[in-house]
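According to this note's numbering, the sequence shown is numbered sequentially starting from 94.
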Amino acid sequence: METRRFSGADRNLLVLSMVLCAVLFSISRDVSAGQGPLDGKTFVVETGEKGKSGGDKDTLVFKDGNFHSTACDQYGFGDGAYTSTVNGDTIQFEAVTTSPTKGKMTWKGTVQGDRIEVGYVWLDASHWYKPNPKPLEKWAKGELKR
């Protein structure tokens, strides 16, 4: 039986490969945990239909890589994973939330400092009484909850 020993260069390459694998595993674990630059932030906003004044209130929550609108709870909408892009002090984000009976909402917004501005589209689910629902465009503006 032959025993093979690694030379100094081979051993260094093996150690470097093992360290690189450990680092990559650690990075992928953090990304899969759903960490985002808006996590831990909650915004109090006013909402309304596009082209109209507001009046409705909502709370937008970013937690564990997910986005949530508390005003949409009554319609069965849950959390939706959000993606984001950071550019200086501005963060742009997108999310999709769904409800088993009320369809889908697509959210696109910008956070700058303590302020948030969002445009979103609600596409209601098809029903026997409304087989082809039209998308409802809405907006939200507000600030970080204190």
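Even glycine gets a Cβ: it sits at the ideal position worked out from N, Cα and C.
Could you pull the DSSP bridge partners for D149 from this structure? In the sequence shown, the residue the question calls residue 149 occupies position 56. Per DSSP, T140.
Beta-ladder partner(s) of Q205, from DSSP: Indexing the sequence shown from 1 puts residue 205 at position 112. DSSP, once it has assigned bridges, lists T183 and R208 as partnering Q205.
When burial is assigned at 16 or more other CB atoms within 10 Å of the CB, is G235 buried or exposed? Along the sequence shown, read from residue 1 onward, the residue named residue 235 stands at position 142. Buried, by the Cβ-count rule.
Exposed or buried, what is L131 when buried is set at 16 or more other beta-carbons lying within 10 Å of its beta-carbon? Residue 131 sits at position 38 when you count from the first residue of the sequence shown. Answer is buried; the Cβ neighbour count reaches 16.
Applying the 10 Å Cβ sphere with the 16-neighbour rule, what's the burial state of W221? For the purposes of this step, residue 221 is taken as the residue at position 128 of the sequence shown. Exposed, by the Cβ-count rule.
Please report how far the alpha carbon of K143 lies from the alpha carbon of V137, in whole angstroms. The residue labelled residue 143 in the question sits at position 50 within the sequence shown. The residue labelled residue 137 in the question sits at position 44 within the sequence shown. Cα to Cα, K143 sits roughly 19 angstroms from V137.
Please report the distance separating the alpha-carbon of G173 from that of K156. Start at 1 with the first residue of the sequence shown, and residue 173 comes out as number 80. Start at 1 with the first residue of the sequence shown, and residue 156 comes out as number 63. Approximately 10 angstroms between the Cα atoms of the pair.
Residue from D151, D166, K231 and K238 whose Cα sits closest to the Cα of T199: By one-based count along the sequence shown, residue 199 stands at place 106. T199 has its Cα closest to that of K231, out of D151, D166, K231 and K238.
CB-CB length for K197 against V189, believed under 8 angstroms: By 1-based counting over the sequence shown, the position of residue 197 is 104. By 1-based counting over the sequence shown, the position of residue 189 is 96. Indeed, because the Cβ distance is near 6 angstroms, the residues count as touching under 8 angstroms.
Using DSSP's beta-bridge definition, name the partner residues of Y213. Counted from its first residue, the sequence shown places residue 213 at position 120. Its beta-bridge partners are W200 and K231.
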